[in-house]
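2 protein chains.
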Amino acid sequence: MTPDAPTHLSEEEIINLVASLAGGAGGDLAVGIGDDCAVLGGAQSGLVVTTDLLVQGVHFELELMSPADVGHRSMAANLSDLAAMGANPAYGFLSLGLPAHPQAAFVSQLVGSMVSQGRTYGLKLAGGDTVKSPQVVINLCLLGAMGNLEPLLRSGGRLGDAVCVTGLLGGSGAGLAWLRAGRDPHDPDAADAVAAHCRPVPRLEAGRALAESGRVHAMMDLSDGLASDLPRLARASGLGALLEAERVPVAPAAAVVAEALQGDALGWALAGGEDFELMFTCDPQDVALLTDLVMEEAAGLAVTQVGRLTQGPGVNLKKQGKEEPITYMGYDHFRESAP
Amino acid sequence: MTPDAPTHLSEEEIINLVASLAGGAGGDLAVGIGDDCAVLGGAQSGLVVTTDLLVQGVHFELELMSPADVGHRSMAANLSDLAAMGANPAYGFLSLGLPAHPQAAFVSQLVGSMVSQGRTYGLKLAGGDTVKSPQVVINLCLLGAMGNLEPLLRSGGRLGDAVCVTGLLGGSGAGLAWLRAGRDPHDPDAADAVAAHCRPVPRLEAGRALAESGRVHAMMDLSDGLASDLPRLARASGLGALLEAERVPVAPAAAVVAEALQGDALGWALAGGEDFELMFTCDPQDVALLTDLVMEEAAGLAVTQVGRLTQGPGVNLKKQGKEEPITYMGYDHFRESAP
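Chains as they are written, first to last, in the working numbering: chain H, 659 to 997; chain D, 659 to 997.
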């Protein structure tokens, strides 16, 4: 490290730096760093891989959530990356950092919750590592199988595509705000928001059905929020986008919490992150068909068109008739204001 | 977590608990938790997977090592797990936790060192995750390909097998002791020991050649030291073992450092860990043949027989004519005395 003029990097800059060191896709790697999953090629063709690192105090707080909730969210976040490709979960690898004097009940609840959720979707925990760490650290690396389908990438969007999302947005952000405000997690008014935060449901059936439909052009999961994830998809597709605020399916639970805490439900829906819903693009005339498909295959899950892909440049947010460049509201771990 | 009578777990107990929750091998998983790598089955047959979590202050100290050294060691430790199966490295996934204000030079050196070492052995860094963390956290998850070979497991040892190791032992432990004592890392007397600690060489050529020979019964890498790794191999094979102290190939560098620091070179060789040499078992009459094979395929790397597999129970250490049950000297992250 040079003592003079050190360069501080943003999260995106670190990812770009690592990607440039790694050298991009090619050879036996169909898709490398930058999508929800890497897509392997050659003898491993049809395999997709994702990994997520979660650190106590950064990604979760044990004061606010049970060990089982933490396990559930960690697994859901990773399964959601597989869903975003249209993959079927196959194998999981868990690295666990634990402070001194780990307790059996804590490990049982944390890991048991991961294992049982994974099993629901056909995932087998196949290996891992356990080490000491000053705080709880969880790394999951999941392998998914595409079978005979092509994975859905962020880069496949086409000019004029409808931009759609599954489910409701903002629930997770509202639930986290509720917990951080020290409110009763069992309050029935906030129960849906708290559940959205602590027990998100990865959209694996929807992701698989959308991949099988052959009508989806681009897909990713909403882990940081529409306001930063849509620009990522648009950029990967070489396009811009228009997002219509009035169309965003804000979770009623977020509205209830917003009223109680004087919070911003639309803000949570756009930038709260961690809703783990799917965002995809398709020909506008296929929206109805795909809506019906998801409703049927994913137990009544809704699909809502929230905007469309444009020539750009950039992504605009249309709100109360006014169209403005979207402010980057997503989560950058290395911004000054990040928690 | 119950407030009364909490159960503190050792590292081995945590691994056993996670393994019991995960449910063991079967179906599309040939080998699950407990070997150096998981061995996948079904459509992913021939793939092996390993993952390792390293935490600053527990596994490495940035005061003692350069970022490039840390990157090298992290990658080497994981590559060594692939070597232990006889696999060829294929894909790597890096999760990186970094404190606030990450610097470009630090990330470049750390990741660049991983990438270039991986590339030497055919590994492609294909994905990852970057997050904020109070200290540097590194998780690598590597996929290796067996091609048409069967992976070498810890459990294949047979009664009467010779127990052999590659290379020299104790160098890494001596190097770490040297650095921790605040001695000059560039002192020529300690250079080999410091290099053994900071720049271990994963034994991929040797591992592959041993797997190809068809004569090796069991194999694993020495990450915690003979004193704890041999008991693991013996137990996995349902046997005991006899380890002969006088046969252990103690690194000359460890002897030099031991003299300077009044340390114990044999102790480092048995329990210092992180030498990342291979330990394997074979029919005693094949030792010479395999020694020649490794020397030829792995640029002069030595093979030494250090003991044999016995009926047991347990593992005995023979030293100065006396045979005694081996003390468990390996590294348990959750022992009271662990760093």
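The beta carbon of each residue, even a glycine, is placed where N, CA and C say it ideally should be.
Small disclaimer: the values here were computed from a predicted structure and weren't measured.
- In the structure shown, the three-state DSSP call for H:THR778 is helix.
- Contacts with chain H (Cβ-Cβ distance below 8 Å) from the region 739-762 of chain D involve ALA748, TYR749, PHE751, LEU752, SER753, LEU754, GLY755, LEU756, ALA758, HIS759, PRO760, GLN761 and ALA762, listed in chain order.
- D:GLY898 is positioned such that its CB atom lies closer than 8 Å to that of D:GLY972.
- Inclusion of H:LEU936 and H:ARG861 in the CB contact set at 8 Å is warranted, their separation being smaller than that value.
- Residues are counted here when their Cβ sits less than 8 Å from a Cβ of chain D; for the region 793-813 of chain H these are GLN793, VAL795, ASN797, CYS799, LEU801 and ALA803, given in chain order.
- Annotated as distal: H:VAL773 and D:LEU698, with beta-carbon spacing of 8 Å or more.
- Residue-level contact by beta carbon fails for H:SER886 and chain D, as no gap is shorter than 8 Å.
- Taken atom to atom, the span from the alpha-carbon of H:VAL874 to that of H:LEU928 is near 22 Å.
- Under the DSSP assignment, D:THR939 falls in the beta strand (DSSP E) whose first and last residues are 936-940.
- Chain order gives the chain H residues near D:GLY786 as VAL676, ILE691 and THR709, where near means a beta carbon separation below 7 Å.
- Taking the C-beta atoms as reference points, H:VAL915 is found nearer than 8 Å to H:GLY921.
- Using a C-beta cut-off of 8 Å, the region 943-958 of chain H makes no contact with the region 849-856 of chain H, since fewer than three inter-stretch Cβ pairs fall below that distance.
- With fewer than 16 other Cβ atoms inside 10 Å of its own Cβ, D:THR778 counts as exposed.
- Counting only unbroken stretches of 4 or more residues, the alpha helix (DSSP H) elements lying wholly within the region 745-798 of chain D are 762-778, in sequence order.
- With the rule of 3 Cβ pairs closer than 8 Å, the region 799-807 of chain D counts as touching the region 700-707 of chain D.
- Contact between H:LEU752 and H:VAL728 is absent: CB atoms are separated by about 13 Å, not below the 8 Å threshold.
- Going by DSSP, H:ASP710 is part of the beta strand (DSSP E) stretching over 705-713.
- Around the beta carbon of D:GLU932, 16 or more other beta carbons lie within 10 angstroms, which makes this residue buried.
- Contact annotation: D:LEU712 and D:ALA835 have beta-carbon atoms that are not nearer than 8 Å.
- Between the alpha carbons of D:GLY833 and D:ARG841 lies a distance of about 10 Å.
- Per DSSP, the continuous beta strand (DSSP E) segment holding H:LEU975 begins and ends at 973-977.
- Residue nearest to H:ALA758 within the set D:GLU669, D:ASP950 and D:VAL821 is D:GLU669 (criterion: CA-CA distance).
- A distance below 8 Å between beta-carbons, with the five flanking residues on each side excluded, links D:ALA734 to the following residues of its chain, in chain order: GLN775, ARG857, PRO858, VAL859, PRO860 and PHE934.
- Taking a C-beta distance under 8 Å as the contact criterion, D:LEU967 and D:ASP850 do not qualify as a contact pair.
- For H:ARG857, the three-state secondary structure derived from DSSP is coil.
- When the Cα atoms are used, H:LEU720 and H:SER791 turn out to be separated by approximately 15 Å.
- The beta-carbon of H:VAL789 is placed less than 8 Å from the nearest beta-carbon of chain D.
- Not a single C-beta of chain H is nearer than 8 Å to the C-beta of D:VAL945.
- The Cβ atoms of D:ALA960 and D:GLY825 lie closer than 8 Å to each other.
- Taken in chain order, the complete alpha helix (DSSP H) segments of 4 residues or longer contained in the region 874-958 of chain H are 884-894, 910-919 and 945-955.
- With fewer than 16 other CB atoms across the displayed protein chains lying within 10 angstroms of its CB, H:ALA701 is exposed.
- Between D:GLN714 and the set D:ALA683, D:GLU902 and D:LEU754, the nearest pair of CA atoms involves D:LEU754.
- Counting other Cβ atoms within 10 Å of its Cβ, D:ASN736 reaches 16 or more and is therefore classed as buried.
- Near chain D, meaning a CB-to-CB distance below 8 Å, no residue of the region 815-839 of chain H qualifies.
- By the Cβ-count criterion, D:ARG731 is buried, with 16 or more other Cβ atoms from all chains shown falling within 10 Å of its own Cβ.
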